[in-house]
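Protein chains in written order, with the numbering used here: chain A, 1 to 237; chain B, 1 to 304; chain C, 1 to 298. Structure first, then comments.
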């Protein structure tokens, strides 16, 4: 893990306009939590709707997508990543350092807001909020690793990532139940269940969910590093 | 010794061959990589920078492979052609980041040294997005020099530089070459290469067309007659005498005065000319070889 | 030595048969029309590389597929009416429509600004405002085609399946009007986002955030509010997402069957919906014009 790359990564996320978008999502989430609290009181009935449908399915992956692609895609696109690659630094270190920033963004812009929103909607069930926060962190990290891999594989990482999220996980996922074996959102909701002891009949054991998340996180990170080792950068565009 | 060796290197993209069986050795001193646009110069430099793998052959620095080898970057400094930098940083922050990534013991001092070398000390605290093209080039150079590498690779470094900056860069490259380091830069502008590098490698359409000192290359081209321009006191008289000599292939009278002579046998011609002139009683005012320049060498190579 | 008389520079232009064109030229209207057509084709990848056709065509296919299935099933089973209303169809496929508009808006607006090819467009007898409006029209037309095609399919299927023509035509006309407004609003919002961000990946992500998050938030709020009896809040929430906004207008003013959870129930709320729709079309267009006025051509 290289401190300079982390510093550069932080600067690139917040020094550009992408940073604004990262603030919008948690604000909307917390705002919705407030609104629900005002409308429905502190009953906690709607916790799942808000935290699951808006939070885990949309806000968390979008935060991970925006943060991770923002760290890798622009530099690869205009070639300035050559300044990071032309150094005696292991490629895996580069990837890890960037992912640290991405996961940090997930923590600050997704996990913590989820915690806050959960506490707003269901203040009597802090375990629920905590569960969602932990599920967010786990799922968010997996998303970050996956999107990092996409960023080094294709120029259209954002669009491909969005298609995965919206078409595969959301659309197809609502139609075909089998998708849950291959959907990060589903795995993170299983993690949530484990912490909150709430049973949402998913049919996925916690062991599978946790190992699937681990496989994606470790596998995608390793593959990204490997791909960076063989990265082609010619002079022309 | 810091020697870059390319052995039978080829690089193709499906049906397009960008580099075709190139073998060259780049040793200490300043070497110019010369070729028209699209000749494969950038591809060669990318391979020498470890950013592209050869489809065939090997690229090594002192017998160490360059591809997939991060440690080698301690010894290489690269100045890419692309303009993109970390625009949101200041010049100093950018060079310091590069120094830190190289693991230097004192990044701050190394940065100041590098910035002083490229004369960017005054503008170092301005954000890079406000820099002109020439300033960006210089910051790129500073980032490549900060770890004092033995090998320096520059892809079209003089692009966008004004004459004063160009002179400064040439002097810098010259100095580093003189210190025994290996400097390779690519260009398609002959005057630049001529002034800095005596050793050139010419690449045409992906093939290695010539290498060495360009004067020596010229002399190897015996099938092309040497051309001279003579200014004399009596053009026609000398012309008619020259045509008679077997070493002369063609003589033409220039409308503005003077003779253009095409000599096949350069050695014999240089001996015969003064004798002939004195025998005819013609005074030679000026004798200028017109194709000893890199330009003509280059155009001969490219034309084949 | 050259003689003094040679020192004055002179020049001559040779006649190689070049003749300037002095015939009639097509006016700005023709230019605008051909730009509109090109833009519309480009949104579906026609006239561009093969890879750019993939996403729009897949999305088009995916929106048509459920309609085809619905029609087939309804006709087979001899149902008295289609199981899904024309005007409700975009609500079901809102994800696909959002992805389409979000991914195609940058090709209309971000690309020219980012790579500065806009200078080529404006070097023609084409005013800036015309350029912007024509691009907006292309994107709206492309979005309209995506939203309307399945509805057309449903209508044709219904008519051929012997459902009452008068009723179906009325519903279809209502839905067409709604789809037009929806296309205009979606195109306007995504166009503004794309013109402001200029980086394609970021523009797509930002557009998706705007469209998707707004709709999810609105439906959640509507759900909670109707459950807890805050009906006005539920209705007002529908203002904030294009799909619910347009659907609300259709339900209240044109008598379409209910689609979103809380359409406007009173004249005041209805008027507010109309105002919001007007603003949602006019404001982004004004924003676009302003953005392009600032775009430096040199």
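Just so you know, even glycine gets a beta-carbon here, dropped at the ideal spot from N, CA and C. No experiment lies behind these values; they were computed from the predicted model shown.
Checklist entry - Within the 7 Å Cβ cut-off, does residue 162/A reach chain C? => result Residue mapping note: residue 162/A aligns to position 162 of the first chain, counting from 1. Cβ-Cβ to chain C under 7 Å: yes for residue 162/A.
Checklist entry - What is the rounded straight-line gap between the Cα of residue 72/A and the Cα of residue 141/A? => result If you number the first chain from 1, residue 72/A lands on position 72. If you number the first chain from 1, residue 141/A lands on position 141. Straight across, the Cα-Cα distance linking residue 72/A with residue 141/A is about 16 Å.
Checklist entry - Which of helix, strand or coil does DSSP assign to residue 179/B? => result Taking the first residue of the second chain as position 1, residue 179/B is located at position 179. Coil.
Item to check | chain A within 7 Å of residue 23/C, Cβ atoms only | outcome: Taking the third chain and counting its residues from 1, one reaches residue 23/C at position 23. For residue 23/C, no CB of chain A lies under 7 Å from its own CB, so it is not counted at the interface with that chain.
Next on the checklist: My parser needs the alpha helix (DSSP H) runs of 4 or more residues fully inside the segment 86–169 of chain A; what are they?
Outcome noted: Segments of the alpha helix (DSSP H) lying fully in the segment 86–169 of chain A: 91–106, 112–121, 126–153, 157–162.
Checklist entry - Is DSSP giving residue 212/B helix, strand or coil here? => result Taking the second chain and counting its residues from 1, one reaches residue 212/B at position 212. Residue 212/B carries a strand assignment under DSSP once its states are collapsed to helix, strand and coil.
Item to check | Under 8 Å from the C-beta of residue 98/B: neighbouring residues of chain A | outcome: For the purposes of this step, residue 98/B is taken as the residue at position 98 of the second chain. Result: 83, 87.
Checklist entry - By a C-beta neighbour count over all protein chains shown, 10 Å radius and 16 as the cutoff for buried, is residue 290/B buried or exposed? => result As a working mapping, residue 290/B is identified with position 290 in the second chain. Under a 10 Å Cβ-count criterion, residue 290/B is classified as exposed, with fewer than 16 other Cβ atoms of the shown protein chains found around its own Cβ.
Next on the checklist: On the CB-based measure, 16 or more other CB atoms within 10 Å of its CB, does residue 316/B come out buried or exposed?
Outcome noted: Residue 316/B is absent from the model: chain B starts at 1 and stops at 304.
Item to check | Delimiting residues of the alpha helix (DSSP H) encompassing residue 45/B | outcome: Along the second chain, one-based indexing puts residue 45/B at 45. 41–48 is the span of the alpha helix (DSSP H), which, as asked, contains residue 45/B.
Checklist entry - Can you give, in chain order, each stretch of the beta strand (DSSP E) that sits fully within the segment 1–72 of chain B and has at least 3 residues? => result Fully enclosed beta strand (DSSP E) runs of 3 or longer: 4–13, 16–26, 29–34, 56–61.
Checklist entry - Measuring CA to CA, which of 229/C, 118/C, 240/C is closest to residue 41/A? => result If you number the first chain from 1, residue 41/A lands on position 41. Out of 229/C, 118/C, 240/C, 229/C has the C-alpha closest to the C-alpha of residue 41/A.
Checklist entry - Which whole-angstrom value describes the C-beta separation of residue 97/A and residue 5/A, a residue pair presumed to lie in contact below a C-beta threshold of 8 Å? => result Here residue 97/A refers to the residue found at position 97 when the first chain is read from its first residue. Here residue 5/A refers to the residue found at position 5 when the first chain is read from its first residue. Contact flag correct, Cβ pair sits at about 4 Å.
Checklist entry - Under 7 Å, do residue 105/B and residue 145/B count as touching if we go by C-beta distance? => result Your numbering for residue 105/B matches position 105 in the second chain. Your numbering for residue 145/B matches position 145 in the second chain. For residue 105/B and residue 145/B, no; Cβs fall outside 7 Å.
Next on the checklist: Measuring straight from C-alpha to C-alpha, what distance separates residue 16/A and residue 100/A?
Outcome noted: Taking the first chain and counting its residues from 1, one reaches residue 16/A at position 16. Taking the first chain and counting its residues from 1, one reaches residue 100/A at position 100. The C-alpha of residue 16/A lies about 18 Å from the C-alpha of residue 100/A.
Checklist entry - Is the CB-CB distance between residue 206/B and residue 79/B below 7 Å? => result In the second chain, counting from the first residue as 1, residue 206/B sits at position 206. In the second chain, counting from the first residue as 1, residue 79/B sits at position 79. With respect to the 7 Å criterion, residue 206/B and residue 79/B are not classified as neighbours on the basis of their beta carbons.
Item to check | residue 110/C to residue 57/C span [Cα, whole Å] | outcome: Locating residue 110/C in the third chain gives position 110, where the first residue counts as 1. Locating residue 57/C in the third chain gives position 57, where the first residue counts as 1. A direct Cα-Cα distance of roughly 21 Å separates residue 110/C from residue 57/C.
Checklist entry - Skipping 5 residues on each side, what residues in its chain have a beta carbon closer than 6 Å to that of residue 135/A? => result Against the first chain, residue 135/A aligns to sequence position 135. Taken in chain order, the residues that qualify are 188, 191, 192.
Next on the checklist: Can you tell me which residues form a DSSP beta bridge with residue 155/B?
Outcome noted: Position 155 of the second chain, counted from the first residue, corresponds to residue 155/B. In the DSSP assignment, residue 155/B forms a beta bridge with 186/B.
Next on the checklist: Between residue 71/B and chain A, is any beta-carbon pair separated by less than 7 Å?
Outcome noted: Residue mapping note: residue 71/B aligns to position 71 of the second chain, counting from 1. Residue-level contact check: residue 71/B touches chain A, since one or more beta carbons of chain A fall below 7 Å from its beta carbon.
Next on the checklist: Assuming the contact rule is C-beta atoms closer than 8 Å, residue 200/B and residue 211/B should be a hit. Round their C-beta distance to whole Å, please.
Outcome noted: The sequence position of residue 200/B within the second chain is 200, counting from 1. The sequence position of residue 211/B within the second chain is 211, counting from 1. 7 Å between Cβ atoms; contact.
Checklist entry - Do the CB positions of residue 282/B and residue 209/B come within less than 7 Å of each other? => result Locating residue 282/B in the second chain gives position 282, counting from the first residue. Locating residue 209/B in the second chain gives position 209, counting from the first residue. Contact: no.
Item to check | Backbone CA spacing between residue 51/B and residue 123/A [nearest angstrom] | outcome: By 1-based counting over the second chain, the position of residue 51/B is 51. By 1-based counting over the first chain, the position of residue 123/A is 123. Distance between the alpha carbons of residue 51/B and residue 123/A: 55 Å.
Item to check | Short Cβ contact (7 Å threshold) for residue 206/A with residue 113/A | outcome: Position 206 of the first chain, counted from the first residue, corresponds to residue 206/A. Position 113 of the first chain, counted from the first residue, corresponds to residue 113/A. One thing to note: residue 206/A has its Cβ no nearer than 7 Å to the Cβ of residue 113/A.
Item to check | Straight-line Cα distance separating residue 27/B from residue 8/B | outcome: Working through the second chain from its first residue, we reach residue 8/B at position 8. Working through the second chain from its first residue, we reach residue 27/B at position 27. Roughly 17 Å between the two C-alpha positions.
Checklist entry - What are the boundary residues of the alpha helix (DSSP H) that includes residue 151/C? => result Here residue 151/C refers to the residue found at position 151 of the third chain. Run containing residue 151/C: 128–160, per the alpha helix (DSSP H) assignment.
Next on the checklist: Tell me which residue opens and which closes the beta strand (DSSP E) that residue 262/B is part of.
Outcome noted: The residue you call residue 262/B lines up with position 262 of the second chain. Residue 262/B -> beta strand (DSSP E) spans 259–263.
Item to check | residue 208/C: contacting residues in chain A (beta-carbon distance under 7 Å) | outcome: Taking the first residue of the third chain as position 1, residue 208/C is located at position 208. Here the neighbours are 162.
Item to check | N- and C-terminal bounds of the beta strand (DSSP E) containing residue 214/C | outcome: For the purposes of this step, residue 214/C is taken as the residue at position 214 of the third chain. Judged by DSSP secondary structure, residue 214/C falls outside any beta strand (DSSP E) and instead within the alpha helix (DSSP H) spanning 214–227.
Item to check | C-beta neighbour in chain A for residue 190/C, strict 7 Å | outcome: Translated into positions along the third chain, residue 190/C becomes position 190. Not closer than 7 Å to any Cβ of chain A, the Cβ of residue 190/C fails to qualify, so no.
Item to check | Residue from 185/C, 232/C, 161/C with nearest C-alpha to residue 101/C | outcome: As a working mapping, residue 101/C is identified with position 101 in the third chain. Of 185/C, 232/C, 161/C, the smallest CA-CA separation from residue 101/C is found for 185/C.
Checklist entry - Can you find a CB in chain C that lies within less than 7 Å of the CB of residue 34/A? => result The residue labelled residue 34/A in the question sits at position 34 within the first chain. No, because no Cβ of chain C sits closer than 7 Å to the Cβ of residue 34/A.
Checklist entry - Name the chain A residues that come within less than 9 Å of residue 102/B, Cβ to Cβ? => result Working through the second chain from its first residue, we reach residue 102/B at position 102. What residue 102/B touches in chain A: 87, 88, 89.
Checklist entry - Are the C-beta atoms of residue 227/A and some chain B residue less than 7 Å apart? => result Taking the first chain and counting its residues from 1, the one referred to as residue 227/A is at position 227. Answer no: the Cβ-Cβ gap between residue 227/A and chain B never drops below 7 Å.
Checklist entry - Can you name the residues that DSSP bridges to residue 312/B? => result This structure cannot speak to residue 312/B, because chain B is shown only from 1 to 304.
Item to check | Cβ-Cβ separation, residue 118/B to residue 138/B (assumed contact under 8 Å), whole Å | outcome: One-based indexing of the second chain puts residue 138/B at position 138. One-based indexing of the second chain puts residue 118/B at position 118. Their Cβ separation, rounded to whole angstroms, is 4 Å, which keeps residue 138/B and residue 118/B in contact under 8 Å.
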